[in-house]
Amino acid sequence: MSAVARGLRNPFRTRVRTGVVVLLLAIIIGLFAVMVQGAFQTRAKLESLQANVRTVVELREAGAFGTGGFGGDKPVGADQFSVATLEQIRRIPSAEHIVKVEEYIHAPQVDPSRPNAYAMIIGLQPGAPMRAIGEVDYENAEIVAGRGLGAQDVAREVAVVGQVYARERLGISLASGAALQGKTITLQNRPLQVVGIYATGNDFGDNHVFVPLEAFRRIYNPGDKLSKIRVRVDSIANVAAVADDLQQLPGVDAVTAAEQVSTAKTTLGSMAAATLYGSLLLFAIGGVLVVFIMVLATRERINEIGTLKAIGASNWEIVKQFLAEVLAVTALAALGAVMMAALFGAVLRASLHLEFSIDQNTLLLILLGGFVFAALGSLYPIVKGIRLSPIQAMKNN
Amino acid sequence: MNNALIEFRGVSKSYRKGSEVVDAAANVDLRIQERGMVAIVGPSGSGKSTLLHMMGAMDRPTRGEVLVAGEAVNRLSSGELTRFRRKTVGFVFQTFNLIPNLTALENVALPMEFNGVSAAERSARAKALLVRFQLGHRLKHRPRELSGGEMQRVAIARAVANEPRLVLADEPTGNLDSRSGKLIYELLQEVSRERTVIVVTHAEELAKLADRVIHIRDGQLVEDPNSAIRLASNTL
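Chains as they are written, first to last, in my numbering: chain A, 1 to 397; chain B, 398 to 633.
Structure representation (C-alpha cells):
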C-alpha cells in the first residue's frame, strides 16, 4: 500500500471526528462559496443600479400614479403617452437607448358603490410577476386560491383578482379553489373566467384584476399607447438637461430614479460588505479548524511517524501520506460543500432575491477553498514530519 | 577483529535534562560480531536504549564514532540515514509500534515498500514470514485484533522483512507475560542464526539465552560475564 493510499485511508481511523470535521468544513466552504458569490452579485447589482440611477430617466404618463395607462382618468387609447412619444424623444440631444416598456397597461374600473371603488385592470405577460399597485408602491402578489396566470393563458380570457375585489365584487368572503368555481368578471361586456385570487396584505393592492396582455389588448384596444418609457442619457452631465427636455413633452412625467433607489443602494451596500466580511471570517474559521485538526492528528501520531522513519520511511513518504490525508478530508468536505452551497443558495434566492446557481464559479470557489484549507492543514504535519527524528518520536511516546 | 558488524570508538552521548547534563554513554568502545544474539542489560536510565538507538542510527553520539556494517553512521546525511535504516537495520519496539489501521500483512510489507520491493513480491514475502512465525491465520487482522505476543511476532516479522544484517530490539518482552516473553526470545534466537540481534532488556533471566551479555551502568560498560571477551577499561 503506497503512502498516498495510507493517507487516503487515515481519515477513516477516527470516523466520528472525521465526520464532524468534514461536515463543519463542508458548511464553511459551502457558505464561503455562496457568500463570495453573494458579495459579487450584490456588488454587481449595486454598480448596475448606480450606473442606471445616474443616467436613466423614467417617463410615465402625466398623472398616471407612476404606472402609466390610466393617467387623469382619460379614456384608454386617447392618451398622448404613446409610440409617438418615442419619436419626440429621439429628437432630444443626448437621449439615447430608448427602452419601451409595455408589460403593464392599466385601466380603471370604477364602481362608487363599493368601499374600494377604484379597481385597476392590469394586463401582463402570463408568467410575469404580478405586481399590484399598493398605497405607496408595488406589492408582490401571492396566490391564495386557484392559480396565477401561466403560459396556457396567453390567448385565453381569464383573470386573477385580488381578495378585496373578490370579496366586494364577487361575493367570495373566504378565498378557496371551490369558491372560484363558475366565477366570472365582465370587462367591456366580455366575460373572463376567474382562475385565481391573490393577496398582498394591502387593501388598495388587493383590489385589482390581472389579465393576460393579449386579452387586455382585445378588450381595451389600447392601440399605440405605452405604459412606461425609459431613456438612457449619454452622460451623467447631461441628465438634468435631458430630464428638463423630456418634461416639456406633452403628457409626460420625467422621473430620475435617484430618490427611488437610495434605500436599495444602502441595503445592497451593507449586504455586499456583510457577505464579503462574512466570507473572510468563514475562511479564517475554516483555516483554524483544519489546522487544529491536523495538529491534533499529527501529535496523536508522532510515535507512528517515528516508527515509519525507524523502519525506513523517507521524509517525502511522510509528507505524501499527510498530504493525501488532508486532501482526502478536504475533498470530502468539498463534495459536501457542493450540497451545502445548493442548500444555502436556495435560502439566498428566497431571502435576498439573488440569483444563485451551482455553476462553474461556485465549483471553482469550492475547489479553491478546499485546496487552501488542504495547504493550511498540511503545513504543520509537513514541518513536524520532516523535522522529527525517529528517536524524538519514540521519546514522545 | 575485522569482521565486526558494529564498532563504537570512544562514543559518548550526553543530553540536558532541565539544568542537569546526563551522560547516557561515556567513552564507550565496543565491538559486536556478525550473527548471534547480544543482550544489553542494566538498570533503568543506565543508557541501554541510548546505545541501541545509536547502533540503529536513530540517535547520534555527542562524541566518538559509530560504525555499523562498515559505515560511520554518525556522519551520514539525513537521506543516507534513511537508506541505512531501510537496508541494514530492523527495529523491534517494547510497545510493538504497529500501524493500527494496517493489517498484519500490510505492517510486515511496509518496510519493503520503502525499500522499493514490488507489491506482489512484498506481499508474498510478508505472507511467508507471517506463516513462518505461526501467524498465517492472522494475515488480515489488525493490531487491535491480536494478542500482545502476536503483535510482537508481527513486529519481528516486520523487522526482518528487508533481511537486514542487524535487528535491534528494545525491551521486546516488556509488555508481555512471561510465557509470551519466552516465545519472543526463542523467536529472536531463531532470527539471530541468520543475523545479529541486539536486545535491550531488564530481565537477566531472559538475557541468559543470549550468546553474549553486555552490562551497562551510568553509561559505562562494566562487564561482560557471559562473553569470552572481557571488558577492560570500558573496552569490549
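All C-beta atoms, glycine included, are put in the ideal place defined by N, C-alpha and C. Nothing here was measured: the structure is a model prediction, and the numbers come from that model.
A/A284 and A/A331 have their C-alpha atoms roughly 18 Å apart. When Cβ-Cβ separations below 7 Å define contact, A/R13 makes contact with chain B. Along the region 310 to 329 of chain A, going in chain order, the ones with a CB nearer than 8 Å to a CB of chain B are A310, I311, G312, A313, S314, N315 and E317. Neighbours of A/I391 in chain B, taken as residues at a C-beta separation under 7 Å, are given in chain order as H450, M455 and D456. Residue state for B/K484 is assigned as helix, using DSSP reduced to three classes. Of the residues A/I98, A/L59 and A/E96, the one whose Cα lies closest to the Cα of A/F81 is A/L59.
Under the criterion of beta carbons closer than 8 Å, B/P561 and B/T485 qualify as touching, at roughly 5 Å. Closer than 7 Å at the C-beta level to chain B, one finds no residue of the region 123 to 153 of chain A. Between A/G369 and A/I29 the beta-carbon gap is near 4 Å, inside 8 Å, which marks them as a contact. In the DSSP assignment, A/V160 forms a beta bridge with A/G196 and A/F210. With a cut-off of 8 Å on Cβ pairs, the region 288 to 295 of chain A is in contact with the region 372 to 388 of chain A, counting three or more such pairs. With at least 16 other beta carbons inside 10 angstroms of its own, A/K320 counts as buried. Around the beta carbon of A/H208, a 10 Å sphere encloses 16 or more other beta carbons of the protein chains shown; the residue is thus reported as buried. The beta-carbon separation of A/V195 and A/V158, rounded to 5 Å, stays under the 8 Å limit for a contact.
Beta-bridge annotation (DSSP): B/K410 is paired with B/A422. For A/T307, the nearest beta carbon of chain B is closer than 7 Å to its own beta carbon.
Using a Cβ distance threshold of 7 Å, B/V470 and B/R609 do not count as a contacting pair.
Neighbours of B/R483 across chain A, judged by C-beta separation under 9 Å: I311, G312, A313 and S314. A distance below 8 Å between beta-carbons, with the five flanking residues on each side excluded, links A/Y380 to the following residues of its chain, in chain order: V291, M294, V295 and T298. The Cβ-Cβ distance between A/I318 and A/G385 falls below 7 Å.
Residue environment: A/Y277 is assigned as exposed (fewer than 16 neighbouring CB atoms within 10 Å of its CB, all protein chains considered). Ranked by how close their Cα comes to the Cα of A/S389, the residues B/L603, B/M451, B/A566 and B/H534 have B/M451 in first place. If you check the CB distance, A/A132 and A/A141 come in under 7 Å. Within the DSSP secondary-structure output, B/I595 pairs in a beta bridge with B/V435 and B/L565. With fewer than 16 neighbouring CB atoms inside 10 Å of its own CB, B/A525 falls in the exposed class. For A/V36, the CB contacts under 7 Å within the same chain, skipping 5 residues up- and downstream, are S279 and L365 in chain order. Following the DSSP letters along the chain, one finds A/R147 in no alpha helix (DSSP H), marked with neither H nor E. Around the beta-carbon of A/G182, fewer than 16 other beta-carbon atoms lie within 10 Å, marking it exposed.
Taking the C-beta atoms as reference points, B/N504 is found nearer than 7 Å to B/V551. Scanning its chain for C-beta atoms nearer than 6 Å, with the 5 sequence neighbours on each side dropped, one finds around B/K410 the residues A421, A422, T447, P458 and T459, in chain order.
Classified as buried, A/K309 has 16 or more neighbouring CB atoms from the shown chains inside 10 Å of its CB. Using a Cβ-Cβ distance cut-off of 8 Å, the region 13 to 20 of chain A and the region 209 to 224 of chain A are not in contact, since fewer than three pairs of beta carbons, one from each stretch, lie closer than that value. Contact note: B/N512 reaches chain A through G312, using a C-beta cutoff of 8 Å and chain order. In the DSSP annotation of this structure, the continuous segment of the alpha helix (DSSP H) that includes B/G578 starts and ends at S575 to V588. Ranked by how close their Cα comes to the Cα of B/E477, the residues A/S314, A/L124 and A/N189 have A/S314 in first place. Contact note: A/E47 does not reach chain B at a C-beta cutoff of 9 Å; the least C-beta distance is about 53 Å.
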